[in-house]
Structure formats: structure tokens, C-alpha cells
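In the UniProt record's numbering, the protein residues as written are 1 to 510.
Here it is as C-alpha cells:
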């Protein structure tokens with residue numbers, strides 16, 4: 001007879017991935033983390049920088065930030081200032097990172113953030129992280145600035161997403177994917193296995209917008225993410241010094257190049273075969289060919305065409321045309337699924353988003369983000385913006401609709417600064433529904449492609465699972481939002497957790 005008390009007996013959540021076992025596998029395997037050789041973000045970053053040393057513009061396009069990098073540094077500093085208060089004698093023997101977003105129960109709170117022109121970082125571009133995300137059950141957010149088409153990314157996302165079940169019905173992690181939509185009966189029309197969202201850089205022509213959304217819907221993308229903080233490029237000295245803008249030479253425009261409506265505006269047809277930009281990206285070579293100073297006549301014609309289309313797509317999707325709240329009506333009419341606004345940093349904007357997006361029983365939300373510090377130098381740290389937004393009574397009311405109403409929950413996601421599992425836990429403790437991972441997966445892909453991205457996803461989620469258990473919590477649902485009061489109080493210089501009834505979870509320290 002078991003000597004373990006009943007309340008200590010594990011009751012695993014259905015379809016939950018045992019993320020924490022990754023740490024044990026590293027000790028048992030005696031090889032360390034493979035293929036990156038480390039789980040430390042700064043070391044992965046330096047290895048990626050070294051690998052792209054011959055192409056510094058490429059690395060800095062992902063690793064650099066706006067102006068003096070104040071915002072990027074502030075993102076990380078404020079996260080470090082938030083401190084978890086672990087609780088003891090809590091039976092966290094079976095833990096769940098399960099997270100519900102727009103009615104779908106995912107095995108973790110992580111999404112792969114939309115990052116453009118990945119074909120300048122590594123040969124497979126967006127395909128490597130899309131495959132890794134599909135295999136591990138993490139939603140992939142496809143960027144409008146991709147170096148592969150909407151359809152190519154969707155195909156790659158499903159490529160390794162097949163689940164293999166053991167005789168007892170458990171998922172066989174060694175033979176197939178960790179999770180997919182078929183396990184929970186949530187496959188969208190068209191039968192996509194992996195969960196994917198589409199990120200929109202807002203075109204100036206409504207007919208182009210309609211075409212992109214139609215293609216995304218047909219390819220199994222279920223949620224639309226509209227980036228609001230990049231109507232024009234930020235002030236980025238590292239790019240300005242090198243005149244580094246891949247779009248201008250036709251790289252990072254494959255979603256436009258493959259779009260029939262955009263191409264028809266320029267009296268062209270999409271290519272009959274998938275276009276794959278050459279790697280490595282060598283801007284001076286492409287420029288010389290476009291100007292007719294190098295290469296064969298065919299190479300000159302192709303480079304000239306690429307430059308024309310690149311500048312046309314840049315004018316279409318990053319035109320410098322700033323939009324208004326009223327402009328969202330068109331997209332809300334076009335896209336009937338959940339709509340998420342990315343780049344929200346103001347409390348008033350978050351409240352307005354809840355008002356606009358949640359009408360008539362719609363589903364929607366925001367991503368609290370400052371684009372990783374790449375747009376406005378000296379902006380508010382993203383995690384501080386999250387803290388302020390979640391302190392809003394209007395936002396909280398939208399997140400907790402009255403029982404029996406047709407109103408859906410307003411979702412709040414977090415982006416900009418996630419490097420570790422404890423970073424994710426802090427964001428969830430403040431109340432975030434989920435987080436987007438950016439630079440860590442890009443650097444991992446630079447070093448080792450799909451396998452590198454898989455390692456980063458696994459080791460960050462293992463870190464989260466282990467840290468959550470050590471802090472005294474067995475699920476993210478249990479701790480979500482419980483750290484907000486402590487952070488608000490200690491940010492104001494007040495003591496917290498010393499009086500009865502105050503739950504010690506998270507505080508702010510100087």
C-alpha cells in the first residue's frame with residue numbers, strides 16, 4: 001500500500017507535455033544540452049554573433065535595437081527587479097503548464113514570435129522554427145516580412161506535427177510530435193495539425209489586406225496578430241550605418257511576391273514555383289547586379305526585378321502610413337476569428353482595444369510589447385507596461401466577463417525580454433495569459449536550425465516547469481495574476497506580505 005498521502009498522488013492533466021523531464025534527460029544522457037552546448041542565453045547569443053561574424057548586418061538586424069538600446073536594456077532590467085517568493089511544503093509533484101487561449105488548451109504558455117527576414121540569418125529561414133514549433137506543440141506566429149510564403153510556412157509547420165500514440169494512449173515523444181490540434185479535436189477547416197497565427201504588417205491597399213487574410217485562413221492560421229508599432233521602421237543606428245535593409249533588394253518579401261493581388265497592382269503574376277532567396281544574403285553583390293555592374297545579363301535582370309518588388313512591397317506594408325482605431329473596422333469585417341493587437345504599451349490603448357475588439361461576442365486581445373526595444377528608444381519597459389495595463393479595472397473587467405453573457409475573455413499576452421523560464425513565470429504571475437519568445441529562438445536557429453530551436457523551446461519550458469514547482473505552484477492557472485498586488489505595493493514603496501491575507505508571490509525590488 002502506498003505511503004504517499006492522497007493529496008500528493010499525481011493527477012496529470014490530459015495531453016500535458018512533461019517539460020520538466022528535459023532537465024533529467026540532460027543529467028542522465030551525460031552529453032549536456034544538444035545541439036547548442038549550453039542553456040545560457042548570453043552564451044547562445046555570443047555563439048550566434050560569432051557564426052555570423054562575416055555578415056554583421058544580419059546578426060544586428062535581429063540582435064540590435066533602436067537608438068542607444070535603452071528600451072532593450074530596460075526590458076531586461078525591470079524583469080530582473082521582479083522577485084519570486086517561493087513557498088514551502090506545497091505538494092507540486094505533478095505540474096501543468098497548460099494554457100488556454102481562445103478556447104484551445106495548449107501544453108505551454110509559449111508562442112514563437114513573428115520575426116521577419118529570417119532567411120538572412122540561416123538558410124531555412126522561417127521553415128526551421130515553424131517545424132520545431134509544430135513538433136513541440138507551440139503556436140508559430142508567421143511574419144508578413146517572411147522570406148517564405150504563407151503557404152510554405154504552413155506546410156513546414158505541419159511537417160513534424162504528427163502525433164504517435166503508444167498502446168496505452170500516451171503520446172510517444174520519441175517517435176512523433178509532443179502535441180497537436182487533433183488530440184483535442186480542434187483542427188481548423190483544412191485540417192491543420194499545428195497551431196499557427198498570422199502577423200500582419202498592415203498594407204496600404206485594402207484589397208491586398210483581404211488577399212493576405214484569405215490566404216492565411218485557407219492555410220490554417222486561426223488568429224490574426226496586427227503589429228501596430230511598426231507603421232514605419234524605428235531609428236536603428238546599426239542598420240543605418242550599413243544601409244542594411246534586405247527588403248529593398250527583394251529579401252523578406254516572399255509573402256508579397258507570392259500574392260496575386262499585390263503582384264497584379266504591378267502588372268505581374270506570382271512565380272509559378274516557390275521563390276527561395278539565396279543564402280547568405282550579400283547586399284553589395286545584389287546591389288552590384290541590380291545596377292548592372294556585375295553578373296550575367298540574367299542575374300542583372302533578376303536582381304533588378306527583386307529590387308523593384310522589394311521597394312514596392314516595403315511601400316505597401318511599411319509605408320509610414322499611420323492608422324487610426326476606426327481603420328480596424330475593415331479588418332474586423334474581413335477576419336472573423338480572434339484578432340490580437342501587438343505593440344500595446346499604454347493603459348488607455350489597452351482599454352480602447354478591449355472596447356473595440358470585444359464587440360458582439362468577438363474574441364480578441366493584445367500583445368504588450370515594445371518590439372524588443374527595436375522601435376522607440378527610451379520607451380517604457382514592456383513588463384512594466386504589462387503591470388500597469390493589468391492594474392486597470394477596465395482591462396480586468398474585460399478579462400473576467402459576467403457569467404452567462406455572450407462576452408468572451410479579453411486576452412493579454414506579453415512580449416519583449418523573455419529569456420528564461422523564470423521570466424515567463426513572472427509575466428504569468430502578473431497576469432499574462434501567454435508569452436512570445438523572440439531572439440532566443442532566432443539565435444538557436446542560426447546555430448543549429450530546427451534542432452536548435454527545439455532545444456531552446458524545451459530548455460526554457462523545462463526551466464519554467466522546475467521553477468514553478470520550486471516556487472510552490474503546480475499550475476500556471478493557479479498562480480496567474482496573483483503576483484500583481486505585491487508588485488504594485490512594493491513598486492509604491494509599501495511593505496507587502498507581512499499582514500494576514502496578503503499572499504506572497506512576487507514583489508519589486510530596487
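From the three backbone atoms N, C-alpha and C, an ideal C-beta is built for every residue, glycine too.
Under the three-state reduction of DSSP output, residue 443 falls in the helix class. DSSP, read as helix, strand or coil, puts residue 92 in coil.
Annotated as proximal: residue 23 and residue 463, with beta-carbon spacing under 9 Å. The beta carbon of residue 154 is closer than 6 Å to those of 219, 220 in its chain, skipping five residues each way along the sequence. Inclusion of residue 232 and residue 320 in the CB contact set at 9 Å is warranted, their separation being smaller than that value.
When the alpha-carbon of residue 227 is set against those of 400, 38, 41, 342, the nearest one is in 342. With a threshold of 16 other beta carbon atoms within 10 Å, residue 417 meets it and is buried. In this structure, 238 is the residue among 78, 238, 457, 176 with its C-alpha nearest to the C-alpha of residue 55. Counted as a single uninterrupted DSSP element, the alpha helix (DSSP H) harbouring residue 300 occupies residues 297-317.
If you draw a straight line from the Cα of residue 489 to the Cα of residue 397, it is about 21 Å long. Excluding the 5 residues flanking it on each side, residue 300 has same chain C-beta neighbours closer than 6 Å at 289, 292, in chain order. Between the C-alpha atoms of residue 409 and residue 363 there is a straight-line separation of about 7 Å.
Sixteen is the threshold: since fewer than 16 other Cβ atoms of the shown chains lie within 10 Å of the Cβ of residue 184, the residue is exposed. For residue 71, the CB contacts under 7 Å within the same chain, skipping 5 residues up- and downstream, are 65, 370, 373, 376, 377, 378, 379 in chain order. As a beta-bridge residue in DSSP terms, residue 200 pairs with 226.
Counting along the chain, the unbroken alpha helix (DSSP H) around residue 26 starts and ends at 21-29.
For residue 112, DSSP records a beta bridge to 140, 437. Residue 39 sits in coil when the DSSP states are folded into three classes, being neither helix nor strand. Contact between residue 256 and residue 317 holds: their C-beta atoms lie close to 7 Å from each other, under 8 Å.
For residue 365, the uninterrupted beta strand (DSSP E) run begins and ends at 364-368, by DSSP. Residue 421 places its beta carbon 9 Å or farther from that of residue 252. With contacts defined by Cβ atoms closer than 9 Å, residue 110 and residue 437 form a contacting pair.
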